[in-house]
Amino acid sequence: MLASLGVLLFSANASATWSVAAVNPDTGTIAVAGASCSYMVYGIARVLPGRGVIIVQAASNDQARSDAATWLEKGDRLDTIMARLTATDSGYAIAQQQIALLSVDGKELPRTFTGDEVEDVKSSKVAPGVSVQANTMASEKVVPSTFAALHPADWNDDEAMADAMIRALLAGAAEGGDKRCTGTGSASAFISLFRKNDNERVPWLNLVVYGIEPGKLDAVAQLRNLYEDWKQSRPQPASLQTFKIPGLDLANN
2 MLASLGVLLF
12 SANASATWSV
22 AAVNPDTGTI
32 AVAGASCSYM
42 VYGIARVLPG
52 RGVIIVQAAS
62 NDQARSDAAT
72 WLEKGDRLDT
82 IMARLTATDS
92 GYAIAQQQIA
102 LLSVDGKELP
112 RTFTGDEVED
122 VKSSKVAPGV
132 SVQANTMASE
142 KVVPSTFAAL
152 HPADWNDDEA
162 MADAMIRALL
172 AGAAEGGDKR
182 CTGTGSASAF
192 ISLFRKNDNE
202 RVPWLNLVVY
212 GIEPGKLDAV
222 AQLRNLYEDW
232 KQSRPQPASL
242 QTFKIPGLDL
252 ANN
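Under the numbering used here, think of the first position of the sequence shown as 2, with each following residue one higher.
In structure tokens form, the structure reads like this:
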């Protein structure tokens with residue numbers, strides 16, 4: 002099923018995921034994208050436009066995302082937030098979580114954490130304004146290849162940033178993606194971009210692919226196709242509104 006919605010209110014259950022979070026320091030735009038062999042990877046991230054982004058994946062934990070968003074909104078430092086999330090008595094089943102935190106202000110590098118019980122292959126890589134994290138991957142090359150495809154220096158506008166996110170997911174998929182989806186790498190994928198003045202529930206760009214039977218189709222490739230359709234169909238100039246595309250039953254196409 003393909004969908005583009007203002008916000009899909011699903012509880013994330015993405016036990017294997019590779020994801021990207023990024024901030025454009027020149028515009029304040031936040032981008033997040035991810036893919037998984039799970040039915041629905043969308044929901045691993047919580048974005049606060051103008052503030053930052055929280056990703057909690059692997060076992061995933063809604064309460065951890067919610068609490069981290071509250072602390073980020075209050076202006077707490079990323080180090081402080083991560084320390085609270087990863088405390089042994091936090092109650093977030095932290096050994097099963099993979100977390101990324103980014104702030105728009107750029108005063109701190111992104112912070113990541115991967116619990117001991119998260120399944121291999123697992124890793125993360127950060128740079129100013131960029132974080133890539135993955136678990137249950139088919140190859141150790143997924144994270145570095147995803148990261149290398151981003152090219153932040155080329156993000157001269159929101160569309161270029163979105164292009165980079167799609168390019169990064171494709172690079173990870175080319176290295177095998179989620180090891181459970183043999184031959185395709187993913188069964189669900191998404192991309193969301195939030196401009197600094199966007200409502201949290203209405204991002205500028207929000208495209209989601211989900212519900213593909215594992216091994217049948219590559220969700221990242223389907224997301225790329227959906228994104229290219231969006232670029233051709235949306236109003237000009239870029240970044241004025243979300244373009245909503247009716248759902249498509251992949252089983253019948």
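Glycine included, each C-beta is placed from N, C-alpha and C at the ideal position.
Under DSSP, the beta strand (DSSP E) around Gly-35 begins and ends at which residues?
Counting along the chain, the unbroken beta strand (DSSP E) around Gly-35 starts and ends at 31–37.
Who are the Cβ neighbours of Ser-140 in its own chain at under 7 angstroms, not counting the five residues just before and after it?
Excluding sequence neighbours, Ser-140 sits near Val-122, Glu-176, Gly-177.
Does the separation of the CB atoms of Asp-199 and Pro-26 fall below 8 angstroms?
Not in contact: Asp-199 and Pro-26 (Cβ atoms no closer than 8 angstroms).
Taking the continuous beta strand (DSSP E) assigned at Lys-126, which residues delimit it?
Segment 124–128, the beta strand (DSSP E) holding Lys-126.
Output yes or no for whether 8 angstroms exceeds the beta carbon distance between Pro-54 and Ala-22.
With the sequence shown as reference, residue 54 is identified as Val, and Pro is not the correct amino acid for it. The beta carbons of Val-54 and Ala-22 sit closer together than 8 angstroms.
Status (buried if at least 16 other CB within 10 Å, exposed otherwise) for Asn-266:
The structure shown does not extend to residue 266, since the chain is modelled only from 2 to 254, so the question has no answer here.
From what residue to what residue does the alpha helix (DSSP H) around Ile-95 run?
Judged by DSSP secondary structure, Ile-95 falls outside any alpha helix (DSSP H); it is assigned neither H nor E.
Keeping to the same chain, check which residues put their C-beta closer than 7 angstroms to that of Lys-180; ignore five residues upstream and five downstream.
Cβ within range, chain order: Thr-137, Met-138, Ala-139.
Please classify Asp-106 as buried or exposed, where buried requires at least 16 other C-beta atoms within 10 Å of its C-beta.
The residue is exposed, with fewer than 16 neighbouring Cβ atoms inside 10 Å.
According to the neighbour-count rule (16 or more other Cβ atoms, all chains shown, within 10 Å of its Cβ), is Gly-130 buried or exposed?
Around the beta carbon of Gly-130, a 10 Å sphere encloses 16 or more other beta carbons of the protein chains shown; the residue is thus reported as buried.
Length at least 3, wholly inside the segment 160–211: the beta strand (DSSP E) runs in chain order:
Uninterrupted beta strand (DSSP E) stretches at least 3 residues long and entirely within the segment 160–211 occur at 189–195, 206–210, given in chain order.
In terms of DSSP beta bridges, what is Thr-147 paired with?
Paired residue(s): none; Thr-147 is not in a bridge.
Who are the near neighbours of Ala-252 in its chain, counting only those whose CB is closer than 6 angstroms to its CB and skipping five residues on each side?
With a pLDDT of only 36 at Ala-252, under 50, the local geometry of the prediction cannot be trusted, and the value read off the model is given with reservation. Contacts found: none.
Which runs of the beta strand (DSSP E), 3 residues or longer, sit entirely within the segment 52–102?
Unbroken beta strand (DSSP E) stretches of 3 residues or longer found wholly inside the segment 52–102: 53–59, given in chain order.
Using 8 angstroms as the cut-off, can you tell me whether the segment 93–101 makes contact with the segment 55–66, which would need three or more C-beta pairs spanning the two stretches below that distance?
Yes, the segment 93–101 touches the segment 55–66.
Rounded to the nearest angstrom, what separates Ala-220 and Arg-202 at their Cα positions?
Distance between the alpha carbons of Ala-220 and Arg-202 is about 23 angstroms.
Decide yes or no for the touch test of the segment 158–176 against the segment 213–232: beta carbon pairs closer than 8 angstroms, at least 3 of them.
Short answer: they touch.
Shortest alpha-carbon distance to Ala-163 belongs to which of Thr-28, Ala-32, Gln-134?
Closest by alpha carbon: Ala-32.
Kindly indicate which residue of Ile-213, Lys-232, Ala-161, Gly-173 has the alpha-carbon position closest to the one of Thr-28.
Distance check between Thr-28 and each of Ile-213, Lys-232, Ala-161, Gly-173 places Ala-161 closest, using alpha-carbon atoms only.
Buried versus exposed, by CB contacts within 10 Å (16 or more), Thr-81:
Per the 10 Å Cβ criterion, exposed.
Of the listed residues Phe-191, Asp-117, Ala-101, Glu-120, nearest to Gly-128 (C-alpha basis)
The question names Gly, but residue 128 in the sequence shown is Ala. Out of Phe-191, Asp-117, Ala-101, Glu-120, Ala-101 has the C-alpha closest to the C-alpha of Ala-128.
Assuming Lys-113 and Ser-125 are in contact, meaning their beta carbons sit under 8 angstroms apart, how far apart are those beta carbons, in whole angstroms?
The sequence shown places Thr at residue 113, rather than the Lys named in the question. Yes, Thr-113 and Ser-125 are in contact; Cβ-Cβ is about 4 angstroms, under 8 angstroms.
According to the Cβ coordinates, are Leu-86 and Arg-52 closer than 8 angstroms?
Not closer than 8 angstroms, so no.
Is it right to say Asp-117 is buried, meaning 16 or more other beta carbons lie within 10 angstroms of its own, or is it exposed?
By the 16-neighbour rule on beta-carbons within 10 angstroms, Asp-117 is exposed.
Rounded to a whole number of angstroms, what is the C-alpha to C-alpha distance between Thr-71 and Val-48?
In a straight line, the C-alpha of Thr-71 is about 11 angstroms away from that of Val-48.
So, helix, strand or coil for Asn-254, using DSSP?
At Asn-254 the pLDDT is 34, less than 50, meaning the model places this residue with poor confidence and gives no usable figure here.
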